[in-house]
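Numbering (the numbering used here), first residue to last: 265 to 648.
Quick look at the structure:
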């Protein structure tokens, strides 16, 4: 893509906008003549793809030209009316893109200055770095958090989600460089599914020699299988009700992929050191609590909405020194590790195949319809 000789982009006011050959990765950047966003106005009005003025950047802000976004399950829940979200809004938080402009000096997670033309992804939410939650190491629960794809569109923050030609990154956002070797369809889910799995693995201290059980083999579960193998797990057991997903889990590195009814038998001889519960199904949660072994760790990740209660027998956890943690979203270091993992994994082609179709932004309704069929873990939306 080429940057035109001149631009009316207010974010670039006063800058030389002649075409520039860019490095790391090499790509010419074009600011679209008609920046636009797929604005969601609720279940009655749906999406409208419309022009929105680009921002004048303040210090600490970054404007990213979105390369590609993927539709997450939370987006689909919002569209279905199952998840309260302020409207109008720009949905989408799984995205990758190229820096179009930088307000002042901004640094990536590795401490290097953000530069125009740099390919990046960013944290799902902001964090202030100074509140008691940030200081305790849970910046995803910052008292002042703002989440991309979940906030109301305002005059000051119009491009606040991934389903747009641009995304306006505000201070407190963690940025991570994305190498050119990672396809866009693989990189986009990094700032949701992949980083969430990395955080859960960190919180359960998943490591070499562990027997890992993964319940739920959607995007999160398949990622967890591959990441557990990458971390040196001795055994990986995957569980899902769907035979097709079980087959995929084997390709992603599971030693065993079984139905819920066979899980107890599959785990019995090995014991479960780590259980990653990613489905959110209350029966799977109960199974995770029942199966964890001596000094075992359970991460509950999939239960992001209220559901039926499960039973808990404290004596077994006390005597077995077991731990249960909730894991929701992630910190910027998890996103950095997620990108590193996607760059080094031998299963990159398998990850790419989880996003089998991409639609232009103008066809957002068709993209949503394809995603709602459930035939693929992710459907993409591209901007060029």
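By construction, the Cβ of each residue, glycine as well, lies at the ideal position given by its N, Cα and C atoms.
Values in this document were obtained by computation on a predicted structure and should not be read as measured data.
Could you say which of the options lies nearest to residue i if we only look at CA atoms?
i           : options               : result
residue 540 : 572, 477 and 523      : 477
residue 517 : 586, 551, 615 and 560 : 615
residue 557 : 647, 359, 493 and 531 : 531
residue 241 : 324, 483, 538 and 575 : Here the chain comprises residues numbered 265 to 648, so residue 241 is not present and cannot be evaluated.
residue 438 : 427, 375 and 585      : 375
residue 427 : 488, 568 and 361      : 361
residue 319 : 359, 433 and 576      : 433
residue 366 : 538, 327, 469 and 337 : 327
residue 553 : 373, 542 and 581      : 581
residue 586 : 469, 430 and 599      : 469
residue 407 : 561, 399 and 325      : 399
residue 641 : 583, 613, 550 and 486 : 486
residue 324 : 620, 436 and 401      : 436
residue 465 : 605, 508, 619 and 637 : 605
residue 542 : 519, 579, 533 and 504 : 504
residue 508 : 618, 364 and 395      : 618
residue 379 : 393, 363, 394 and 332 : 363
residue 338 : 394, 412, 576 and 395 : 412
residue 601 : 416, 495 and 578      : 495
residue 512 : 489, 333, 626 and 441 : 489
residue 633 : 344, 332 and 333      : 344
residue 228 : 493, 441 and 333      : Because the chain in this structure spans residues 265 to 648, residue 228 falls outside the shown range and cannot be described.
What residues in its chain sit with their C-beta under 6 Å from that of residue i, if we drop five residues either side in the sequence?
i           : result
residue 651 : Outside the shown range of the chain (265 to 648) lies residue 651, about which nothing can therefore be said.
residue 571 : 546
residue 288 : With a pLDDT of only 33 at residue 288, under 50, the local geometry of the prediction cannot be trusted, and the value read off the model is given with reservation. Taken in chain order, the list of residues that qualify is empty.
residue 403 : 391 and 595
residue 631 : 623, 643 and 645
residue 538 : 468, 470, 474, 476 and 561
residue 499 : 475, 519 and 534
residue 347 : 341
residue 544 : 566 and 567
residue 579 : none
Using a Cβ-Cβ cutoff of less than 7 Å, which residues in the same chain neighbour residue i once the five nearest sequence positions on both sides are dropped?
i           : result
residue 254 : Nothing can be reported for residue 254: it is not among the residues displayed for the chain, which extend from 265 to 648.
residue 405 : 397
residue 299 : 315, 316, 318, 429 and 430
residue 330 : 359, 361, 426, 428, 429, 430, 431 and 647
residue 322 : 367
residue 551 : 479, 524 and 527
residue 628 : 302, 311, 313, 427 and 645
residue 342 : 349 and 355
residue 369 : 377
residue 305 : 312, 351 and 352
residue 371 : 377 and 378
residue 491 : 461, 462, 465 and 605
Quick test of your reading: residue i and residue j, contact by CB under 8 Å. State the CB separation rounded to the nearest angstrom.
i           : j           : result
residue 456 : residue 358 : 5 Å
residue 555 : residue 536 : 5 Å
residue 502 : residue 521 : 4 Å
residue 588 : residue 562 : 5 Å
residue 584 : residue 560 : 7 Å
residue 574 : residue 549 : 5 Å
residue 333 : residue 440 : 16 Å between Cβ atoms; not a contact.
Let me check you understand the geometry: is the CB of residue i closer than 7 Å to at least one non-hydrogen atom of the ligand COA?
i           : result
residue 385 : Absence of the ligand COA is noted for the structure shown, with no ligands found whatsoever.
Considering only residues of the same chain and omitting the five flanking positions on each side of residue i, which have a CB-CB separation below 8 Å?
i           : result
residue 612 : 446, 447, 450 and 606
residue 533 : none
residue 506 : 481
residue 395 : 406, 407 and 408
residue 625 : 300, 302, 313, 427, 428, 429, 645, 646 and 647
residue 419 : none
- Can you give, in chain order, each stretch of the alpha helix (DSSP H) that sits fully within the stretch 560-598 and has at least 4 residues? Within the stretch 560-598, the complete alpha helix (DSSP H) runs of at least 4 residues are 578-584.
- Query: Counting pairs of Cβ atoms below 8 Å between the stretch 584-602 and the stretch 460-469, do you hit three or more?
  - Reply: Touching, per the Cβ criterion.
- What are the start and end residues of each continuous alpha helix (DSSP H) run of 4 or more residues lying completely inside the stretch 498-554, in chain order? DSSP runs (the alpha helix (DSSP H)) wholly in the stretch 498-554: 507-515 and 527-532.
- Okay, do the stretch 448-456 and the stretch 382-401 touch, 3+ Cβ pairs below 8 Å being the bar? Flag = yes, the stretch 448-456 and the stretch 382-401 touch.
- Query: Counting pairs of beta carbons, one from the stretch 343-358 and one from the stretch 294-314, are three or more of them closer than 8 Å?
  - Reply: For the pair of segments examined, the stretch 343-358 was found to touch the stretch 294-314: the number of CB pairs separated by less than 8 Å reaches three.
- Output the residue ranges of the beta strand (DSSP E) runs that lie fully inside the stretch 347-383 and measure 3 residues or longer, sorted by chain position. With a minimum length of 3 residues, the continuous beta strand (DSSP E) runs that stay inside the stretch 347-383 are 358-366.
- Item | beta strand (DSSP E) segments (min. 3 residues) lying fully within the stretch 381-439 | Listed in chain order, the complete beta strand (DSSP E) runs (minimum 3 residues) inside the stretch 381-439 are 383-390 and 430-433.
- Could I get the ranges of all uninterrupted alpha helix (DSSP H) runs contained in the stretch 297-355, with 4 residues as the minimum, in chain order? Within the stretch 297-355, the complete alpha helix (DSSP H) segments of 4 residues or longer fall at 337-344, listed in chain order.
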